[in-house]
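Remember, my numbering sits 11 above the position in the sequence shown when you count from 1. Glycine is no exception: its CB is placed at the ideal position from the N, C-alpha and C atoms.
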Amino acid sequence: MTARDPADRYQVAVIGAGLAGAATAWELARRGISTALVEAYRPGHRQGSSHGSSQLYARSSADSLYVELSGQAEACWLELEADAGTRLRHRTGALDFGARRDPVRLAARLGAAGVPHELLAAEEAAERWPQLRFDPGPVLYHPDGGWLDPDATVAACVGRAVAHGAELRTGVRVARIEQLRSGEVALRGPGLDAAPVRAELVVVAAGAWLPELGLPVRLPPLTVTQQQVFHFRRREQPGPRPGWPVFVHRGEQQVLGLPSGADGGTDGVLGAFKLSLLDDGRVTTAGTRSGVVDPASRQAVSGYVRQRLPELDPEPFAAATSLRTSTPGGDFVLDRAGSLVIVSPCSGHGGKYAPLIGRLTADLVLGKAEAPARFALPASNSGATARLRP
Ligand SMILES: Cc1cc2nc3c(=O)[nH]c(=O)nc-3n(C[C@H](O)[C@H](O)[C@H](O)COP(=O)(O)OP(=O)(O)OC[C@H]3O[C@@H](n4cnc5c(N)ncnc54)[C@H](O)[C@@H]3O)c2cc1C
């Protein structure tokens, strides 16, 4: 890639300042690549996938690729936190339980990757974490798990990308991407004609909007669902017990629980707890989603709290919706077709890999390394130049 000078010309333009695009812009900018980061709203907005003050950060996965990637991500998080001078993750330990979560299999995966963990009987787990009611059967605990703060992470990535020289354009929705005779590509849309963005290569990190962009690239089948999360208060002020562990429970119900972080209000890190059903999303699109919390989901999560988390007030005091984009096998998308690099850490588990996604995308952009083969676009794109509208 060649360095470019004039104001509207960049080596790379990144569309979307969610976790994936923001981390990519940070990684490119700190490597000295001239980068424009173009976002339809403002970084940190509530319309996509990357908002809120807590998401699960854990190494347990039934899939050894993602266990391995979580180890690589750890090093990237440390680099981002050092560059930003702030802590973005909180280590509370993580629990996995329920027959459908298969803790024994997860423990084997962690063991193979050398991740410290314990497999406990339900009775032992109940003694250690009396705030939770476990299913009979084994419970997996690994102390390196916890939660990350997506709002703070997006802010850190964007802030540091700009500090390293990236240009941030907000409130600008890219309507189309044009191929120029010069070989460059130009972003087009309201707000971009007066102040154009031209680049040698475009990274599309548009999340749930990806299927709506009309790109000349065959994408894997993507399903967008609207999910909801609920915040619950502790009945009493936290006592001497340290922060609650995060947990994934896949039994009769499939539930993710973790501290609320700043979204819990003044109760802060120790006070409120956030819960969501892992399997209750309604299929939608980024353009048509309602943004309305599903009352059936609220009722189900409330019932779960009554049965399983007696230290919480079962009436949620806050709720929010967000968009999840999923591939059929749960894999991420990261591949190049001509002048476009498509990146989408899909399927509800991309947040914890954010700075690694930035690194993998930057490596692909710069031709330094390929992404994992499973993240490839459908084979019909191979060799494609992804000719954009001239
Ligand atoms: C309910 C829920 C819970 C989750 N929990 C976890 C968890 O516990 N742990 C975990 O690791 N992961 C979790 N995830 C996954 C994680 O949130 C996603 O992997 C991640 O946020 C995806 O980020 P993204 O940048 O791809 O998408 P987004 O955050 O949606 O960002 C896309 C951006 O592109 C912008 N954009 C789109 N089109 C255009 C355009 N034409 N022009 C300009 N800008 C555009 C959008 O405005 C948006 O800002 C969860 C996801 C959901 C939905």
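Quiz item: Under a Cβ-count criterion, where at least 16 other Cβ atoms within 10 Å of its own Cβ denotes burial, should residue 120 be classed as buried or exposed?
Solution: By one-based count along the sequence shown, residue 120 stands at place 109. Burial call: buried.
Quiz prompt | Whole-angstrom C-beta distance between residue 169 and residue 356, which should lie under 8 Å | solution = Residue numbering aside, residue 356 sits at position 345 when the sequence shown is read from its first letter. Residue numbering aside, residue 169 sits at position 158 when the sequence shown is read from its first letter. The beta-carbon distance between residue 356 and residue 169, rounded to whole angstroms, is 17 Å. This is too long to meet the 8 Å contact definition.
Quiz prompt | Touching by the beta-carbon criterion (3+ pairs, under 8 Å), the segment 375 to 392 and the segment 95 to 106 | solution = Segments in contact, no.
Quiz item: Going by DSSP, what residues sit across from residue 236 in a beta bridge?
Solution: Here the question's residue 236 lines up with position 225 in the sequence shown. Answer is 294, 335.
Practice problem: Per DSSP, which residues does residue 58 bridge with? Please list them. | Solution: What you label residue 58 is simply residue 47 of the sequence shown in a count that begins at 1. In DSSP, residue 58 forms no bridge with anything.
Quiz item: Is residue 290 buried or exposed, if buried means 16 or more other CB atoms sit within 10 Å of its CB?
Solution: Numbered from 1 along the sequence shown, position 279 holds the residue referred to as residue 290. Under a 10 Å Cβ-count criterion, residue 290 is classified as exposed, with fewer than 16 other Cβ atoms of the shown protein chains found around its own Cβ.
Quiz item: Are residue 365 and residue 216 close, meaning C-beta to C-beta below 7 Å?
Solution: Position 354 of the sequence shown, counting from 1, holds the residue named residue 365. Position 205 of the sequence shown, counting from 1, holds the residue named residue 216. Taking 7 Å as the Cβ cut-off, residue 365 and residue 216 do not qualify as a contacting pair.
Quiz item: With distances taken between CB atoms, is the gap from residue 330 to residue 241 smaller than 7 Å?
Solution: Reading the sequence shown from its first residue, position 319 is the one you call residue 330. Reading the sequence shown from its first residue, position 230 is the one you call residue 241. Contact: yes.
Exercise. Could you give the DSSP three-state label for residue 52: helix, strand or coil?
Key: Position 41 of the sequence shown, counting from 1, holds the residue named residue 52. Correct three-state label for residue 52: coil.
Practice problem: Can you give me the start and stop residues for the beta strand (DSSP E) that residue 364 sits inside? | Solution: As a position in the sequence shown, residue 364 is number 353, starting the count at 1. Where residue 364 is concerned, there is no enclosing beta strand (DSSP E), given that its DSSP letter is neither H nor E.
Quiz item: Just to confirm, does residue 67 get its C-beta within under 6 Å of one of the non-hydrogen atoms of ligand 1?
Solution: The sequence position of residue 67 within the sequence shown is 56, counting from 1. Answer for residue 67: yes, Cβ within range of ligand 1.
Quiz item: Any heavy atom of ligand 1 within a distance shorter than 6 Å of the CB on residue 31?
Solution: Here residue 31 corresponds to residue number 20 of the sequence shown, with the count starting at 1. Yes; taking the cut-off as 6 Å, the Cβ of residue 31 has a heavy atom of ligand 1 nearer than that.
Quiz item: Looking at residue 52 and ligand 1, is the gap between the Cβ and the nearest heavy atom below 6 Å?
Solution: The count along the sequence shown starts at 1 and reaches residue 52 at position 41. Answer for residue 52: yes, Cβ within range of ligand 1.
Quiz item: Looking at the unbroken beta strand (DSSP E) that takes in residue 319, where does it start and where does it end?
Solution: As a first step, residue 319 is located in the sequence shown; it is residue number 308 there, counting from the start. Not the beta strand (DSSP E): residue 319 falls in the alpha helix (DSSP H), residues 306 to 319.
Quiz prompt | Proximity test, residue 353 beta-carbon vs ligand 1 heavy atom, cut-off 6 Å | solution = To locate residue 353, count along the sequence shown from 1; it is residue 342. No.
Quiz item: Does the Cβ of residue 308 have 16 or more other Cβ atoms within 10 Å, making it buried, or fewer, making it exposed?
Solution: In the sequence shown, the residue the question calls residue 308 occupies position 297. That one is buried.
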